[in-house]
Structures are given as structure tokens and as C-alpha cells.
Amino acid sequence: MGATAHLDFIAAAYAAAVIIVGALLIWITLDYRAQLRTLAELDRQGVTRRSGARRAERTIEQAKAAANAQAKEEA
Amino acid sequence: MALLDFANPSRFLRFANTTIPWLSGVTLIVFAFGIDQAMIAPDDYQQGATVKIMFLHVPSAWLGMLAWGVMTVAALGTLVWRHPLADVIAKAAAPIGAAFTLLCLVTGSLWGRPEWGTYWVWDARLTSELILFLLYLGVIALWRTVDDPSRAARAAAILTLVGAIDLPIIKFSVEWWNTLHQGTSVFRLGGSKIYPTILIPLFIMAAAFTLLFFTLLFAAARNEILRRRVRTLQLMQASQVT
Numbered sequence: 156m157g158a159t160a161h162l163d164f165i166a167a168a169y170a171a172a173v174i175i176v177g178a179l180l181i182w183i184t185l186d187y188r189a190q191l192r193t194l195a196e197l198d199r200q201g202v203t204r205r206s207g208a209r210r211a212e213r214t215i216e217q218a219k220a221a222a223n224a225q226a227k228e229e230a
Numbered sequence: 028m029a030l031l032d033f034a035n036p037s038r039f040l041r042f043a044n045t046t047i048p049w050l051s052g053v054t055l056i057v058f059a060f061g062i063d064q065a066m067i068a069p070d071d072y073q074q075g076a077t078v079k080i081m082f083l084h085v086p087s088a089w090l091g092m093l094a095w096g097v098m099t100v101a102a103l104g105t106l107v108w109r110h111p112l113a114d115v116i117a118k119a120a121a122p123i124g125a126a127f128t129l130l131c132l133v134t135g136s137l138w139g140r141p142e143w144g145t146y147w148v149w150d151a152r153l154t155s156e157l158i159l160f161l162l163y164l165g166v167i168a169l170w171r172t173v174d175d176p177s178r179a180a181r182a183a184a185i186l187t188l189v190g191a192i193d194l195p196i197i198k199f200s201v202e203w204w205n206t207l208h209q210g211t212s213v214f215r216l217g218g219s220k221i222y223p224t225i226l227i228p229l230f231i232m233a234a235a236f237t238l239l240f241f242t243l244l245f246a247a248a249r250n251e252i253l254r255r256r257v258r259t260l261q262l263m264q265a266s267q268v269t
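Taken in sequence, the protein lines are chains A and B. Quick note on my numbering: the first sequence kicks off at 156 and runs consecutively. Quick note on my numbering: the second sequence kicks off at 28 and runs consecutively.
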């Protein structure tokens, strides 16, 4: 059986590998860039995980202050 | 450092950021060497040059099954330990496993036409491999359909565990049923049926595919962690507005 007898099938198989793996690589790379872009956009708008933590701290402080004020009133 | 230390999303991100460039480089080198060895490997005495399709077909079949194996372990992590990184790994592995399984089906079909005279036959090996591909599509659809990631993870984990039954069926299908697909020829009692001049390039290509799988898995898992951060921040932003 000659080496070139089924060259078209061999070439098609390797082309399929390039297309499928290439598509996967491109999709993962574009997805990564999209996530980074969205995170940067949210960061620019001041929405960060730290801002969430700061808001939570502020809420706790406000609650403590309200509790103290109520305690003073009662006293 | 214990393996469980990486099971923290932030630590995993640092690990992935460091590892992905190195893994990509090693993968490229091993692929270049593997393809070179595959191209200079001699033709098979029966199949001729079409044996070169085996260097793609067999590793992609192994990786398609390995990916489901990884998802099965991750599914246990989701259902038993409720670990968020297990969800991330399971979700990241699904499209990669689907791609490898699709590649296995396509290359197998292109190999089957010159050797068997047909692109497709409903024998046990081919059908069980097609079922694996459909299971992958089912898991991906579940992840996309259910909006809440933790609910989606549990549903996908159950489907993954049920689908794991297909792995031994694929492996032993050529022994349990009379199939057109050839029997086990690489890992078998009594040694491989394949001559070393073809077997060694096959193992090099399998190593390259495995490295590619883990590179893609780490990259996709990193994307998923970032996506979840984006989701959390967008929810925080929405709660600030309301």
C-alpha cells in the first residue's frame, strides 16, 4: 500500500485536529480576555471585592453605633 | 505543600498563572517531537500510511475518557465535600473532554473509511464513544441552562456520576461484543500488539495530548474562577443600585 494511497484521509484527520484544538485554544483565550476586561471595567466603576468588604464593615459600624445610641437613650 | 492547599480558588489562580506558561512551552516541545516521530514512523504492514491517523485518534480517545474521569472525581468533590473548586474543575473539563471526544470520532471515521470501507458503523465501541460525546453535550447544556452555579454543579455532578458507567463500557466494549473496531492492542496482558517503531511515537503523542489537556484545563478553570468573581461583583453592583 503506497504512502500516498490515502493521503487525503490522513491530511483531513490532521486538519480536523488543528481545527478542533485551535478552536478550543481560541475560545479559552478570548474568554480569558473577556473576563479580565469585565473585571477591569468593574474595577474602574469602583466595584471591587474590597469595596464589598468596606460596605460590610460600614454596615457593621453603623449597626454598632445605632446599638450604642439606643443603649445611651435607655440609660 | 499539601494538594488540598491548591483547592482554594485564589491559590489556584496564582498556581495557574505560574504554571500555564511553562506547561504551554513544554506541551509545544513535546508536540513538535511527537509529530516529528509520528511522521518518520514506518507504515503499518497492513494499513500502510493510514496508521498515522492513530497518533491522533488513540490519544484523543484516551483524553476524552480521562476528562470524564477528572469530572467524576470532581463530581464527588461537589456532592460529598461541596468544594467550589471541584465545581470549577468539572465545568472547565467538560468542553475540553467534548473536543477530544469529537476529535476521536472524526479521526476514527476518517481512519475507518479506507480500512473498513465505511465512515461509521453502529458497533459497540463507536456507539459508546458517541454516547460519551452526547453526555458531554448534556453536561455542558446543564451548566448553561441552570443559572445558579451551585445548583448547576449538583445537577451536572449527578449526570457525570451516572455517565461514568460509560467509561468501562467503552474500554471493554471490544471484548464484551463482537465489534468491527479492533480489540485492545496497546495495554493488554501479554504485551502490546504494536511494534515499538509505532508504539513509541504513539506514547510521545499521548504525552503531548495529556500535557495539552492539563494546560487547557488549568486555563479554562482560571477563566471560570474569574467568571465567578465577575458574577459576584455584578451582583454586588446590582445590590448597590437597588
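Just so it is clear, CB atoms sit at the ideal spot from N, CA and C, and this is done for glycine as well. None of these values were measured; they are calculated from a predicted model.
Hey, would you say residue i sits closer than 8 Å to residue j, going by beta carbons?
i, j, result
"Ile231(B)", "Val78(B)", "no"
"Ala247(B)", "Ile158(B)", "no"
"Leu229(B)", "Met81(B)", "yes"
"Ala168(A)", "Leu137(B)", "yes"
"Leu179(A)", "Ala126(B)", "yes"
"Leu164(B)", "Asp193(B)", "no"
"Trp170(B)", "Ala183(B)", "yes"
"Ile183(A)", "Asn250(B)", "yes"
"Ala171(A)", "Leu90(B)", "no"
"Leu153(B)", "His208(B)", "yes"
"Ala276(B)", "Trp95(B)", "Here chain B covers residues 28 to 269 and nothing more, so residue 276(B) does not appear."
"Ala160(A)", "Ala76(B)", "yes"
State buried or exposed for residue i, treating a residue as buried only when at least 16 other CB atoms are found within 10 Å of its CB.
i, result
"Ile252(B)", "buried"
"Leu239(B)", "buried"
"Lys118(B)", "buried"
"Thr242(B)", "buried"
"Met66(B)", "exposed"
"Val189(B)", "exposed"
"Thr284(B)", "What the structure shows of chain B is the stretch from 28 to 269, and residue 284(B) is not part of that stretch, so it cannot be assessed."
"Gly61(B)", "buried"
"Ile197(B)", "buried"
"Pro86(B)", "buried"
"Val57(B)", "buried"
Is there at least one Cβ from chain B nearer than 8 Å to residue i's Cβ?
i, result
"Val202(A)", "yes"
"Ala195(A)", "no"
"Ala218(A)", "no"
"Gly157(A)", "Legend: pLDDT at Gly157(A) = 48, less than 50; position of this residue unreliable, value from coordinates given subsequently. For Gly157(A), the answer is yes, since a Cβ of chain B falls inside 8 Å of its Cβ."
"Ala226(A)", "no"
"Ala168(A)", "yes"
Using a Cβ-Cβ cut-off of 8 Å, state whether residue i counts as contacting chain E.
i, result
"Ile181(A)", "Of the protein chains in the structure, A and B, none is chain E."
Where residue i and residue j are concerned, what is the direct C-alpha to C-alpha distance, given to the nearest angstrom?
i, j, result
"Thr187(B)", "Ala101(B)", "9 Å"
"Ala195(A)", "Arg254(B)", "13 Å"
"Ser212(B)", "Glu202(B)", "12 Å"
"Tyr222(B)", "Gly104(B)", "41 Å"
"Asn206(B)", "Glu156(B)", "The sequence shown places Thr at residue 206(B), rather than the Asn named in the question. Approximately 13 Å between the Cα atoms of the pair."
"Val173(B)", "Ala179(B)", "5 Å"
"Val257(B)", "Ser177(B)", "16 Å"
"Leu244(B)", "Arg192(A)", "21 Å"
"Ala68(B)", "Thr203(A)", "55 Å"
"Ala113(B)", "Arg181(B)", "11 Å"
"Ala224(A)", "Glu216(A)", "12 Å"
"Lys220(B)", "Asp70(B)", "15 Å"
"Ala265(B)", "Ala88(B)", "44 Å"
"Arg199(A)", "Ile175(A)", "36 Å"
"Pro141(B)", "Gln73(B)", "12 Å"
"Thr128(B)", "Val53(B)", "23 Å"
"Pro195(B)", "Ala166(A)", "31 Å"
"Ile227(B)", "Met92(B)", "21 Å"
"Lys227(A)", "Tyr187(A)", "54 Å"
So is residue i in contact with chain A if we call contact Cβ pairs under 8 Å?
i, result
"Pro195(B)", "no"
"Gln209(B)", "no"
"Val133(B)", "yes"
"Val97(B)", "no"
"Val257(B)", "yes"
"Gly75(B)", "yes"
"Ala248(B)", "no"
"Met28(B)", "Bear in mind that the predicted position of Met28(B) carries a pLDDT of just 49, short of 50, making it unreliable; the figure below should be weighed with that in mind. With 8 Å as the cut-off, Met28(B) does not count as an interface residue toward chain A."
"Gln64(B)", "no"
"Ile225(B)", "no"
Can you find the residues in the same chain that come closer than 6 Å, C-beta to C-beta, to residue i, ignoring five residues on each side of it along the sequence?
i, result
"Met98(B)", "Ala117, Ala120 and Thr187"
"Ala151(B)", "Ser200, Trp204 and Thr206"
"Gly210(B)", "Val201"
For residue i, which residues of its own chain have a beta-carbon under 8 Å away from its beta-carbon, when the five flanking residues on both sides are left out?
i, result
"Glu163(A)", "The sequence as given places Asp at residue 163(A); Glu does not occur at that position. Answer for Asp163(A): no residue qualifies."
"Thr46(B)", "Phe245"
"Leu185(A)", "none"
Using a Cβ-Cβ cut-off of 7 Å (strictly less than) and excluding sequence neighbours within five positions of residue i, which residues of its own chain qualify?
i, result
"Pro111(B)", "Pro36"
"Leu132(B)", "Glu156, Leu157 and Phe160"
"Leu40(B)", "Arg249 and Ile252"
"Val166(B)", "Ala121, Ala183, Leu186 and Thr187"
"Ala222(A)", "none"
"Trp143(B)", "Leu207"
Is residue i near the ligand FAD, with its Cβ less than 7 Å from a heavy atom?
i, result
"Ala113(B)", "Questions concerning the ligand FAD fall outside what the structure shown contains, since it holds no ligand whatsoever."
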